[in-house]
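Given below as C-alpha cells:
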C-alpha cells in the first residue's frame, strides 16, 4: 500500500514539474513572438500614437484656417463684385 502511494506521489510530482516546464516554454515562446512583432513594427516605420495625435491637431487647425480664408475670399469677391457693378452703373 505504501509503494502505490509513493508511486502516485512521484507521478504527481512529475506532472507538476511537467506543467511548470510547459509554462516556462509558453512564456519563452510569448517573449520571442512579442520581440519579433515589435521588431517587425519598428521596421515598418509605423507612426506612433503621439505622432498621430499631433497630426490630428495640426489638421484640425489647418482646416479651421482654411475655412476662415475661404470666408475671407468670398467676402472680398462679393465686395469686388459690388464695386464692379457700381462702376458699370456709373459708366452708363
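In the working numbering, the protein residues as written are 1 to 92. C-beta: ideal position from N, C-alpha, C; glycine also. As the structure is a prediction and not an experimental result, all values here were calculated from the model.
What separation, rounded to the nearest whole angstrom, lies between the Cα atoms of residue 35 and residue 74?
-> Residue 35 and residue 74: Cα-Cα distance of roughly 55 Å.
Would you kindly work out how many angstroms separate the C-alpha atoms of residue 95 and residue 53, rounded to a whole number?
-> Given a span of 1 to 92 for the chain in the structure shown, any question on residue 95 remains unanswerable.
In chain order, what residues of the same chain have a beta carbon less than 7 Å from the beta carbon of residue 50, not counting five sequence neighbours either side?
-> Taken in chain order, the list of residues that qualify is empty.
Roughly how many angstroms lie between the CA atoms of residue 64 and residue 77, to the nearest whole one?
-> About 20 Å.
Out of curiosity, what's the CA-to-CA distance linking residue 56 and residue 85?
-> Rounded to the nearest angstrom, the two C-alpha atoms are 43 Å apart.
Distance, residue 5 Cα to residue 26 Cα | One C-alpha to the other measures close to 31 Å.
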